[in-house]
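A.B. asks: Okay, handing you the structure first.
Below is the structure:
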């Protein structure tokens, strides 16, 4: 389980982002999960639901490089919803029950609407716990 708090930008709008994620190790080193984010303090308000799978390379007991695939659905206030797919890569430090990860994430939007035309990779940082 992870909790997200950060910021994001769409065009000239800056947002505060709060979210939660839940992942389950379906197989050794393979996690599947879902996440929800709420983007506020900008216009339009955005909610984002994500399905993801992440594979952690068994490099060492605590440091594990990872890569994953994801699908996101954006609910945009007073606008049509937008779908996206993408990937994430990075490294995780796992010392049960705590984990920390840092990496890059990139999404490709299936819409050409100007509000979601940015496809640059963005940094992601996560602090979480497992049980």
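Numbering (this note's numbering), first residue to last: 9 to 139.
Backbone N, C-alpha and C define an ideal beta-carbon position, used for all residues, glycine too.
(1) Whose CA, out of 60, 80 and 85, lies closest to the CA of residue 118?
(2) Tell me the DSSP secondary structure of residue 114 in three-state form.
(3) Would you kindly check if the distance between the Cβ of residue 32 and the Cβ of residue 40 is under 7 Å?
(4) Rounded to whole angstroms, what's the CA-CA distance from residue 27 to residue 106? Just pull it up for me.
(5) Rounded C-beta distance between residue 8 and residue 74? I'm assuming under 8 Å.
(6) Quick check: the Cα distance between residue 135 and residue 21, rounded to an integer number of angstroms?
(7) How would you call residue 92, buried or exposed, if buried means at least 16 neighbouring beta carbons within 10 angstroms?
(8) If you follow the beta strand (DSSP E) that residue 103 is part of, which residue opens it and which one closes it?
(9) Across which residues does DSSP place residue 43 in a beta bridge pair?
(10) Measure the C-alpha to C-alpha separation of residue 15 and residue 24 and round it to an integer number of angstroms.
(11) In terms of residue numbering, what span does the beta strand (DSSP E) encompassing residue 72 cover?
C.D. replies: Walking through what the data contain:
(1) Numbered from 1 along the chain shown, position 110 holds the residue referred to as residue 118. If you compare the alpha carbons of 60, 80 and 85 with that of residue 118, the shortest gap goes to 80.
(2) Mapped onto the chain shown, residue 114 falls at position 106. DSSP places residue 114 in strand when its eight states are reduced to three.
(3) Within the chain shown, the letter at position 32 stands for residue 40. Within the chain shown, the letter at position 24 stands for residue 32. Yes. Within cutoff.
(4) In the chain shown, residue 27 corresponds to position 19, counting from 1. In the chain shown, residue 106 corresponds to position 98, counting from 1. Each residue's Cα considered, the two are about 18 Å apart.
(5) Any property of residue 8 remains undetermined from this structure, which presents the chain solely from 9 to 139.
(6) As a first step, residue 135 must be located in the chain shown, where it is residue number 127. As a first step, residue 21 must be located in the chain shown, where it is residue number 13. Their backbone Cα atoms lie some 26 Å apart in a straight line.
(7) Position 84 of the chain shown, counted from the start, is the residue given in the question as residue 92. The residue is buried, with at least 16 neighbouring Cβ atoms inside 10 Å.
(8) Numbered from 1 along the chain shown, position 95 holds the residue referred to as residue 103. Here the beta strand (DSSP E) through residue 103 covers 90 to 103.
(9) Your numbering for residue 43 matches position 35 in the chain shown. According to DSSP, residue 43 bridges with 29 and 58.
(10) For the purposes of this step, residue 15 is taken as the residue at position 7 of the chain shown. For the purposes of this step, residue 24 is taken as the residue at position 16 of the chain shown. So the alpha carbons of these two residues sit roughly 5 Å apart.
(11) Within the chain shown, the letter at position 64 stands for residue 72. Taken as a continuous stretch (DSSP letters only), the beta strand (DSSP E) holding residue 72 covers 71 to 84.
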